[in-house]
Every structure is written in structure tokens, then in C-alpha cells.
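Residue 1 is where the sequence shown starts when you use full-length UniProt numbering, and the numbers rise one by one after that.
Inspection log for the structure reproduced underneath, given as C-alpha cells.
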Amino acid sequence: MNIEEIIQEKQGTIVDVRTPEEFRGGHVAGAINIPLNEIPQRVEEMKELKTPLVLCCASGNRSGQAYRYLSQMGVDCHNGGSWLDVNYYQSLAV
């Protein structure tokens, strides 16, 4: 299953790794905010979310870092890139 299908079919959880301030400025409906710098302390919490996790941020850089770290920790996740792209994919859902 590709990332677009995961998002459109609501197969996992969308996790926005931007700062709380950025998140408040706009985010994907239904996304949860776990800032990149908090991920190491919140891995166990993230393992309990519905997987796969779709990670997003402003450009895909921070979500890429989160993806690499969480993958090493055994979390089923994908780098969704920009939250705007994830939002677009979600808007295509029927």
C-alpha cells in the first residue's frame, strides 16, 4: 500500500512533527502533534498509535529525520513530507 492510499483510506495515524506553534497555524484534520524534539521521549506512546504512522512537517526534512529514528526503533511509519501534501491526499478521499 502506498502512502497516498494509507492517507486516503485512513489506514494509520498522521503525526505532524512541527512545533506546536507551527501546528496551530494550520495542520491536517485529525493529525496529532508530536514535535520532532519530543519523539525520543515519546516512542512508547507512538508505538501505541494506529499504524502505519504518516509523518509530516513543513518540507519533509524533519519528518524524514523522525522516519529514520522511528524506523530504527521498530515503528511502522512513512515520511509523508509536507503537511500540505498530506492534506491534499486526504482531501482526495471519498
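Cβ atoms here follow ideal geometry from the backbone N, Cα and C, with glycine treated the same way.
What you are looking at is a predicted structure, and each value in this text was computed from that prediction instead of being measured.
Check                                                                                                                         : Outcome
Residue closest to N87, alpha-carbon to alpha-carbon, out of A58, G64 and P40                                                 : A58
Element boundaries [beta strand (DSSP E), containing N79]                                                                     : C77 to S82
Nearest neighbour of E44, chosen from R68, M73, R24 and L36 [CA to CA]                                                        : M73
Contacts around E5, its chain only, beta-carbon distance under 8 Å, and the 5 residues preceding and following it disregarded : Q11
V54 beta carbon less than 8 Å from that of I34                                                                                : no
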